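Heads up, the thing below is written out as structure tokens.
Numbering (the working numbering), first residue to last: 26 to 312.
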């Protein structure tokens, strides 16, 4: 079933540049499939909702967020890892805030893009790993990065977890202060697709995956990748260099079973997933 359209969603961040390049270069069309890209500035929580409501067929989203949502009934499957390396979360406050030390954040007010998002889950997992519990009333939903900047600036919230290099320009400008960092203990991004599209267009999903993997491979080999990211995302060359050399993209669809177990363990420990929750099929088994 060639030339059907697959709707792809992702955050407006540099991780997804290989997919944008594949779209611009006509790589998907050359494999006989059309794709439409939708940007989700609200992050993983916004994308799991879009998958549930079939607004998109496929998303690139945080590993822990989609695993939690599939366990909670999202009719989707992980079809590939996307970023094999951990995500470095910057832990931020406003430059106006009196908060100076990472150890003092756990009783503060947290800005989160939405419940179930990475900014929500990682705050809980991080606190839990250090023996702290964050109460639900400490979280304030702010929608996206711009919402967080306003909320922190107005001192309505104190703490915000977001990808370190995306927020670095705001740290450099003095608007935000980074008080700490947290690395996810697993590969940070996966690709997930709705059960509906996997049933209706499995061949096209495979074509899309192959195109993404090829583009990621080419991107990692490219001598121009660092300069391209710096220009497109208006980030300092040195910062992009560090990010690029600490990031690896997947070039095949294999999903580590151990990784899935580690994420589920952490989600249970943090109380995000019930201890006795029934585990559905998380990964697409190709026919």
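Even for Gly, the Cβ is constructed at its ideal location relative to N, Cα and C.
It should be emphasised that the depicted structure is a prediction, and the values quoted were computed from it without experimental measurement.
For residue 130, no alpha helix (DSSP H) segment is defined, and its DSSP state is neither H nor E. As summarised for the region 34-87, the continuous alpha helix (DSSP H) elements at least 4 residues long and confined to that stretch are 42-49, 52-55 and 69-77, given in chain order.
Your pair residue 229 and residue 29 checks out as a contact, with CB atoms roughly 6 Å apart and the cut at 8 Å.
The way I'd put it, the region 132-140 does touch the region 163-178; three or more beta-carbon pairs between them come closer than 8 Å.
With a 10 Å radius around the Cβ and a threshold of 16 neighbouring Cβ atoms, residue 34 comes out buried. With respect to residue 135, residue 163 sits close: the two C-beta atoms are nearer than 8 Å.
Three or more pairs of CB atoms, one per stretch, sit closer than 8 Å, so the region 85-98 contacts the region 297-308. In the DSSP secondary-structure assignment, residue 256 is not bridged to any residue. Remark: C-beta atoms of residue 218 and residue 104 approach each other more closely than 8 Å.
Between residue 133 and residue 178 a beta carbon distance of about 15 Å is seen, past the 8 Å cut, so the two are scored as non-contacting. The Cβ atoms of residue 235 and residue 56 sit closer than 8 Å to each other. For residue 262, the enclosing alpha helix (DSSP H) stretches over residues 262-269. In this structure, residue 69 keeps its C-beta atom at 8 Å or more from the C-beta atom of residue 51. Unbroken alpha helix (DSSP H) runs of no fewer than 4 residues, entirely contained in the region 108-186, are found at 143-154 and 170-178, following chain order. Short of 8 Å from the beta carbon of residue 149, and not among the five residues preceding or following it, lie these beta carbons of its own chain, in chain order: 159, 295, 296 and 297.
For residue 200, the CB contacts under 8 Å within the same chain, skipping 5 residues up- and downstream, are 119, 120, 174 and 178 in chain order. One alpha carbon belongs to residue 276, the other to residue 40, and they sit about 14 Å apart. Secondary structure at residue 201: strand, using DSSP grouped into helix, strand and coil. One alpha carbon belongs to residue 46, the other to residue 196, and they sit about 28 Å apart. In terms of Cβ geometry, residue 269 and residue 43 do not form a close pair [threshold 8 Å].
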